[in-house]
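Taking it in order: structure first as structure tokens, then the write-up.
Number of protein chains: 2
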Amino acid sequence: MGGSSRVGGQGLTVAVTALKKFTNFSTWFDELLLKAKIVDGRYPVKGFPVYMENGAFILNRLKSMLESLLEETGHKPVYFPLVTTEEMFARETQHIKGFQPEVFKIEQPGERERKLVVRPTSETIMYPMFKLWIRSHADLPLKVHQSVNVYRYETKATRLLYRVREIPWNEAHTVHETPSDAERQVREAIEIYSKVLREVGISYLILKRPDFDKFPGASYSIAFDAWNPDGKVNQVATVHNLGRNFAKAFEIEFERRDGSRGHPYQTCYGFGYSRVLAAIIAQHGDDRGLVLPPSVAPTQIVIIPIPFKGHEKEIIDYCKEVKERLESRWRVILDDTEDMTPGEKFYHWEMMGTPLRIEIGPREVSERTITITRRDTLERVKVEFGDLESSIERLMDELARNLREKSERMMRELITDARSLDEIRKILDERRIARVEWCGETGCADNIKENVGGEIRGERYDVAERPQGTCVACGKPAKTVVYIARAY
Amino acid sequence: MGGSSRVGGQGLTVAVTALKKFTNFSTWFDELLLKAKIVDGRYPVKGFPVYMENGAFILNRLKSMLESLLEETGHKPVYFPLVTTEEMFARETQHIKGFQPEVFKIEQPGERERKLVVRPTSETIMYPMFKLWIRSHADLPLKVHQSVNVYRYETKATRLLYRVREIPWNEAHTVHETPSDAERQVREAIEIYSKVLREVGISYLILKRPDFDKFPGASYSIAFDAWNPDGKVNQVATVHNLGRNFAKAFEIEFERRDGSRGHPYQTCYGFGYSRVLAAIIAQHGDDRGLVLPPSVAPTQIVIIPIPFKGHEKEIIDYCKEVKERLESRWRVILDDTEDMTPGEKFYHWEMMGTPLRIEIGPREVSERTITITRRDTLERVKVEFGDLESSIERLMDELARNLREKSERMMRELITDARSLDEIRKILDERRIARVEWCGETGCADNIKENVGGEIRGERYDVAERPQGTCVACGKPAKTVVYIARAY
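Chains A and B, in that order, are what the protein sequence lines are. Sequential numbering of the first sequence, starting at 39, is according to my numbering. Sequential numbering of the second sequence, starting at 39, is according to my numbering.
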């Protein structure tokens, strides 16, 4: 069950090491971000990236996909302030302990002594208002969401999109009458996030974090850990059941159906737009550049005329006819600039990750056909003009499905069982994820962390995995099956 | 030409004073904001409002309407950081002089000595990157936009939506080869903003600000001043021609078509989402509450069953049939709760500003008709079930047009010519806008400001108005016709 041989047996080792993204992820990633106009990291304040046109476009698409699902399920949009007072921020004990070291503070010109805390997340900003809004069970469930930036002074090395100090995300917060309503809400949140991630073909593990790693103030935390080519998992989203901890700290009370009063149950969950963008680039990209799922690609189809002496006009006319036919349904560009050869254009649009490329030369004109190349497989197909829309639709679907399936395959391949700390270390060194049995003791978790260079990320939430043997660290009977990885 | 009589002649004085929004604007406005779930002003940090579900919804609609137009005209989305360094912020002399007093500063946990400046606007954040992005004329025009919050420590009294410290807006920034390209861009920006404001029926003056009131660092500034029931105009958007001031300060250079090098020409423009929201509420609202244009209304149609003993089921079934037919095109709610009478529901949805109300009782069921009430005029019409969509569409259009025309009429009525400081003072006291002739000297502008309690807002940009006489302050020959008002 040891790592590389198993993957090697699937022909994956070759594929993996042939890609710069696996052998030298940082360089591959950073170069691509700038060249494909995703992010410019040259901004003079550390941890504050500039989202260029394609990065901003994809963030906006993710936002709109997620917000639609949230609103369909009854979450109302809200916008809460960026800042809170130090007093409000300190209300929930665990919460402040967890976040205090990394908060930015704001000085106001007129009142230097009263510093404001910049949100690292919005519980302490929203919940004092929830106290005012909630009177009785008729006000519940309360379900709100906002897409905003949060700010955390990360002390670990920053990395564009993965680990930054200005973090674009969506956070939803809900309040319920009963603990089972809150449980149901946790499941709804997981379903919503899973749907968006499926739309962009991202694979991940849904893990219940160990207690020592839960959100400060939560009863428990569920996280989506996406795989990454360098082996460091990428937490793209989290869902927390807050129980009544915050309701008590912020004195949120309601009148129950039976007339009695009490604290309600809360959940909150966050979806990291920039980390999902990172996952899209990292999971699907290849040595030619980005490979974008159609759902978020700024340009979904590029049309490239292949000039041929004496046929220039009819080729361009046909290109325009094709474009007109497609542009009501897809984001299409006709690249008819004359300062690049068709080959240079192919190279450029492959780098940009455009899902489908249409080439039109004299033969396509005379045959009334279209030659389409898929970005993921680089396969070319020729289709009749009359079948254009249905062919494009089919190819887009196939491409999206292929990206998703390839990524799922990789996720499965990366998970490798380990029975000793040495095996875990070897697996992590090979940029994989180790699955082990654990007794549940924090001492063993610390031991693992110190010795293998990775940490326990948690047990599967969506799949019940029963331990069969003993703890990988202490040898006592195992209580749970957990995943160990390096992490961003 | 003196104020009130002219308006009185049009029957407006009566209409005006009958409305609480004209006689006691602040109370009317603040009560409505909370009741209609627009904004909650009870947040404990001054100048930082909480946008509730309907406020956030309308902000999002405005954003999406504006961003579509910006992107159709070639503006690319970007997201720049919230903060810059003090050094970068200080680059353009006039700019820092204008904004320094009102900037918030951020302390970073690890490096307290290096404070960061929170954007009051993003010129000094974007332009160092433009320097890296722009090499030659092929990179121009550069047109980008972002919808973000900016932060200004307003020292005047804060007022929800109008004058806050956290300001949701869209800012666009463009770079051009020639001064005439920049001029054209100013006109394009004005056209885009006019279109959005037209969609929500807001009336305003497009004014070229006097030099002493232009954007710090700009060559000149154009502003959209919307009328307000309390007479204080509401600047909802501005468009600035920056010339080459910032390009020089930030060393932005490009290679021209002829091979020579030089600084490009820039424009920037901002659209204040919360101020436009304020204008929508203030211009269209009445004593029953909000009156929302269909383009931004969270609920466009509410269906209210009128219960009748023995017919409950057929009434609800018919309501559902009507709803199903409408909900693919409009945002529809069927209010079938049983804890309110139909009358209470009417009252509630009128307060919420819902454009159309459908009432369905036993008569509508038996006749297969629908009774529709317009929120603006409260007129009721009965339509056949078969004509439902076309009737709704017509009523929505008429309502939107009526709101726009009523607001335009009010704008025209509020403008009153004045020939002396006394006349100006009287006009402003009557919550109107004075039109005067001015010599163009700053001394006279100061004199006016000190004596009348309002300020020169500028001359019309869209209409050429030639002065015929003398300066209202000094009596010397006038150079321009300007508008004077109190302002937020």
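Here a beta-carbon is modelled for each residue, glycine too, at the ideal position from N, C-alpha and C.
Quiz item: Are at least three pairs of beta-carbons, each pair with one atom in the region 423-432 of chain B and one in the region 397-408 of chain B, less than 8 Å apart?
Solution: A contact is defined here as three or more CB-CB pairs under 8 Å, and the region 423-432 of chain B meets this definition with respect to the region 397-408 of chain B.
Exercise. Note down, in chain order, each residue of its chain lying with its Cβ closer than 7 Å to the Cβ of arginine 363/A, except the 5 sequence neighbours on either side.
Key: Excluding five sequence positions before and after arginine 363/A, the CB atoms of its chain that fall closer than 7 Å to its own CB belong to Leu426, given in chain order.
Self-check item: is_contact[arginine 80/A, chain B] using C-beta, thresh 9 Å
Solution: With a threshold of 9 Å between beta carbons, arginine 80/A makes contact with chain B.
Self-check item: Cut-off 7 Å between Cβ atoms - residues of its own chain near threonine 55/B, not counting five sequence neighbours on either side
Solution: A caution first: threonine 55/B carries a pLDDT of 45, below 50, which makes its placement in the model unreliable, though a value can still be read off. Hits under 7 Å: Thr61.
Exercise. Pick out whichever of His322/B, Lys270/B and Phe384/B has its Cα sitting closest to the Cα of isoleucine 344/B.
Key: Closest by alpha carbon: Phe384/B.
Quiz item: With distances taken between CB atoms, is the gap from leucine 120/A to phenylalanine 86/B smaller than 9 Å?
Solution: Yes, the Cβ-Cβ distance between leucine 120/A and phenylalanine 86/B is below 9 Å.
Self-check item: Coil, strand or helix - glycine 381/A by DSSP
Solution: In the three-state scheme derived from DSSP, where H, G and I count as helix and E and B as strand, glycine 381/A is classed as helix.
Quiz item: Going along chain A, which residues have a C-beta under 8 Å from glycine 148/B?
Solution: Within chain A, the residues Tyr191 and Thr193 have their CB atoms less than 8 Å from the CB of glycine 148/B, given in chain order.
Quiz item: What separation, rounded to the nearest whole angstrom, lies between the Cα atoms of asparagine 272/B and alanine 285/A?
Solution: It is roughly 40 Å from the alpha-carbon of asparagine 272/B to the alpha-carbon of alanine 285/A.
Quiz item: What did DSSP end up calling threonine 122/A once you bin it into helix, strand or coil?
Solution: In this structure, threonine 122/A counts as strand in the three-state DSSP scheme.
Quiz item: Roughly how many angstroms separate the alpha carbons of valine 188/A and tyrosine 189/B, rounded to a whole number?
Solution: Using only the alpha carbons, I get a separation of about 15 Å.
Practice problem: Compute the Euclidean distance between the alpha carbons of aspartate 263/B and serine 428/B, then round it to the nearest angstrom. | Solution: The straight-line gap from Cα to Cα measures roughly 36 Å.
Practice problem: Indicate whether at least one CB of chain B lies closer than 9 Å to the CB of leucine 120/A. | Solution: For leucine 120/A, the answer is yes, since a Cβ of chain B falls inside 9 Å of its Cβ.
Quiz item: Taking the C-alpha atoms as reference points, what is the distance between arginine 157/B and phenylalanine 288/B?
Solution: Rounded to the nearest angstrom, the two C-alpha atoms are 17 Å apart.
Exercise. Please determine if the region 97-114 of chain A and the region 328-342 of chain A are in contact, where contact requires at least 3 C-beta pairs separated by less than 8 Å.
Key: In this structure the region 97-114 of chain A touches the region 328-342 of chain A; the number of beta carbon pairs closer than 8 Å is three or more.
Exercise. Would you list the one or two residues that DSSP bridges to tyrosine 189/B?
Key: The partner list for tyrosine 189/B (beta bridge, DSSP) reads Glu204/B.
Quiz item: Helix or strand or just coil, what does DSSP make of proline 400/A?
Solution: Per DSSP, reduced to three states, the secondary structure at proline 400/A is helical.
Quiz item: With contact counted as at least three CB pairs below 8 Å, one residue from each stretch, are the region 206-226 of chain A and the region 235-242 of chain A in contact?
Solution: No: fewer than three Cβ pairs fall under 8 Å.
Quiz item: If the cut is a Cβ gap below 8 Å, which residues of chain B does methionine 167/A touch?
Solution: Simply Asp78, Arg80, Tyr81 and Val88.
Practice problem: Please report how far the alpha carbon of proline 380/A lies from the alpha carbon of proline 393/A, in whole angstroms. | Solution: Each residue's Cα considered, the two are about 17 Å apart.
Quiz item: Using a beta-carbon distance cut-off of less than 8 Å, what residues from the region 92-117 of chain B approach chain A?
Solution: If the cut-off is 8 Å between Cβ atoms, the region 92-117 of chain B has Gly93, Ala94, Phe95, Leu97, Asn98, Lys114, Pro115, Val116 and Tyr117 near chain A.
Practice problem: Determine, using beta carbons only, whether valine 141/B comes closer than 9 Å to chain A. | Solution: For valine 141/B, a Cβ of chain A is located within less than 9 Å of the residue's own Cβ.
Quiz prompt | Own chain residues within Cβ distance below 7 Å of glutamate 124/A, not counting five before or after | solution = Lys153 and Val155.
Quiz prompt | chain A within 9 Å of leucine 199/B, Cβ atoms only | solution = Judged by the 9 Å Cβ criterion, leucine 199/B is not in contact with chain A.
Quiz item: Between alanine 256/B and tyrosine 307/B, which are expected to be in contact by the criterion C-beta below 8 Å, what is the C-beta distance as a whole number of angstroms?
Solution: Under the criterion of beta carbons closer than 8 Å, alanine 256/B and tyrosine 307/B do not qualify as touching, at roughly 11 Å.
Quiz item: Which residues in chain A sit within 8 Å of glutamate 215/B, going by Cβ to Cβ distance?
Solution: Those do not exist, as glutamate 215/B stays about 17 Å from chain A at its closest Cβ, beyond 8 Å.
Self-check item: Rounded C-alpha distance that separates arginine 524/B from methionine 389/A
Solution: Their Cα atoms are separated by approximately 55 Å.
Quiz item: Of all Cβ atoms in chain B, is any one closer than 9 Å to the Cβ of glutamate 397/A?
Solution: No, glutamate 397/A does not count as interfacial toward chain B.
Quiz item: Where do the ends of the beta strand (DSSP E) carrying threonine 61/B lie?
Solution: Residue range 58-61 is occupied by the alpha helix (DSSP H) that includes threonine 61/B, with no beta strand (DSSP E) assigned at that position.
Quiz prompt | Close Cβ partners of alanine 511/A (< 6 Å) along its chain, the five nearest in sequence each way excluded | solution = If the five residues before and after alanine 511/A are omitted, its C-beta is found closer than 6 Å to the C-beta atoms of Cys482, Asn485 and Ile486, all from its own chain and listed in chain order.
Quiz item: For tyrosine 258/B, which option in Asp296/B, Gln304/B and Ile230/B has the closest C-alpha, if you only look at C-alpha atoms?
Solution: Taking each of Asp296/B, Gln304/B and Ile230/B in turn and checking the Cα distance to tyrosine 258/B, the smallest one comes out for Gln304/B.
Quiz item: From the beta carbon of tryptophan 387/A, is the nearest beta carbon of chain B less than 9 Å away?
Solution: Chain B contact via Cβ: absent.
Practice problem: Could you give the DSSP three-state label for glutamine 138/A: helix, strand or coil? | Solution: Per DSSP, reduced to three states, the secondary structure at glutamine 138/A is helical.
Quiz prompt | arginine 299/B burial status per 10 Å Cβ neighbour count (16 or more: buried) | solution = Here arginine 299/B is exposed: its Cβ has fewer than 16 other Cβ atoms, across all protein chains shown, within 10 Å.
Quiz item: Are the Cβ atoms of valine 234/A and leucine 104/A separated by less than 9 Å?
Solution: Against a cut-off of 9 Å, the Cβ pair of leucine 104/A and valine 234/A comes out as a contact.
Exercise. Return no unless some Cβ of chain A is closer than 9 Å to the Cβ of glutamate 461/B.
Key: It does not: the Cβ of glutamate 461/B has no partner Cβ on chain A nearer than 9 Å.
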